[in-house]
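In the numbering used here, the protein residues as written are -11 to 232. One structure below.
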């Protein structure tokens, strides 16, 4: 255990020293414009760039070091992003996205194609051939729905509908809970006693008393039905109890 803690402590020290060096170092902003001797081949549909710049003339057979490779990768990435931002853009929710064209090259798959599923005996016996005629539709294609006045106004002003999150913070439990369903936060059914505000007035209290009286009558009626079924009570006694 001590050896593990020692390794972890050394790792934390190295990370702290690295962060301190990065914070104290001066931030160097690279230019966004990239000049290339030969225009690279770009396939924006695949986000692909092939660098065709020749090696330096003074040392054509030399192997570039790590700094030169990083600088070249950075320039190629900046060049690719410049080409992407020249495309048509659209807004999706809160993000600005570029519409990529169709890929010019068909790159190989990362994984092997799955094997074709073999047909069952029932499918082999009752498999229909491909249709020879293309029949027309039964109904006309539906027309595109027109935007309402509010949707047109929201689209012009850039108003976006915010979706409610699935979690809500419960002040009593001091933790995040689901908005709906089991163990949901801010469950109003758990408040068995609710104080009547002053601005509600006396009529709210009257309605609550009437609701309680109706609930009491319903309970008495359900008890009466149960007792009548069991033949343990008379109807006259039940009516007198309700009228009271």
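Every residue gets a Cβ at the ideal spot worked out from N, C-alpha and C, and that includes glycine. These figures come from a predicted structure and were not determined experimentally.
Between the Cα of residue i and those of the options, spot the shortest distance and give me the residue it belongs to.
| i | options | result |
| --- | --- | --- |
| residue 233 | 163, 162, 160 and 155 | Nothing about residue 233 can be read from this structure; the chain reaches only from -11 to 232. |
| residue 79 | 4, 146 and 114 | 146 |
| residue 63 | 19, 100 and 31 | 19 |
| residue 107 | 17, 115 and 134 | 115 |
| residue 83 | 1, 148 and 171 | 148 |
| residue 94 | 150, 56 and 32 | 32 |
What number of angstroms, rounded off, separates the C-alpha of residue i from the C-alpha of residue j?
| i | j | result |
| --- | --- | --- |
| residue 77 | residue 90 | 15 Å |
| residue 81 | residue 54 | 40 Å |
| residue 39 | residue 60 | 9 Å |
| residue 86 | residue 73 | 7 Å |
| residue 128 | residue 163 | 53 Å |
| residue 35 | residue 92 | 10 Å |
| residue 135 | residue 159 | 40 Å |
| residue 46 | residue 57 | 17 Å |
| residue 126 | residue 111 | 28 Å |
| residue 142 | residue 75 | 25 Å |
| residue 4 | residue 16 | 21 Å |
| residue 103 | residue 118 | 22 Å |
| residue 113 | residue 124 | 28 Å |
| residue 121 | residue 97 | 35 Å |
| residue 42 | residue 6 | 36 Å |
| residue 133 | residue 139 | 12 Å |
Verify the CB distance criterion: does residue i have a CB-CB separation below 7 Å to chain B?
| i | result |
| --- | --- |
| residue 91 | Protein chain content of the structure displayed is limited to a single chain, and chain B is not contained in it. |
Excluding the 5 residues flanking residue i on each side, which residues of the same chain have their C-beta closer than 8 Å to its C-beta?
| i | result |
| --- | --- |
| residue 167 | 152, 153, 154, 155, 156 and 173 |
What first and last residue would you give for the beta strand (DSSP E) that runs through residue i?
| i | result |
| --- | --- |
| residue 39 | Unbroken run through residue 39: none, as it is neither H nor E. |
| residue 155 | 155 to 158 |
| residue 166 | 163 to 166 |
| residue 27 | Here residue 27 belongs to no beta strand (DSSP E), and DSSP marks it neither H nor E. |
| residue 92 | Looking at the DSSP string, residue 92 is not in any beta strand (DSSP E), and its letter there is neither H nor E. |
| residue 78 | 77 to 80 |
| residue 83 | 83 to 86 |
What is the residue span of the alpha helix (DSSP H) that residue i lies within?
| i | result |
| --- | --- |
| residue 67 | 54 to 72 |
| residue 141 | 137 to 145 |
| residue 113 | 109 to 113 |
Only counting the same chain, and skipping five residues up and downstream in sequence, which positions put a Cβ closer than 6 Å to that of residue i?
| i | result |
| --- | --- |
| residue 30 | 37 and 71 |
| residue 88 | 32 and 33 |
Which residues in the same chain have their Cβ closer than 7 Å to the Cβ of residue i, if we skip the five residues on either side of it in sequence?
| i | result |
| --- | --- |
| residue 130 | none |
| residue -8 | Any answer about residue -8 is weak, because its pLDDT of 44 lies below 50 and its placement is not dependable; what the coordinates show is given next. Contacts found: none. |
| residue -10 | Confidence at residue -10 is low in this model, with a pLDDT of 42, below 50, so the placement of that residue is unreliable and no value is reported for it. |
Query raised in the report: Is there contact here, the region 44 to 56 with the region 2 to 19, by at least three beta-carbon pairs under 8 Å?
Result: no
Requested in this report: Check whether the region 58 to 71 touches the region 16 to 34, counting contact only when three or more Cβ pairs, one atom from each stretch, lie closer than 8 Å.
Outcome: yes
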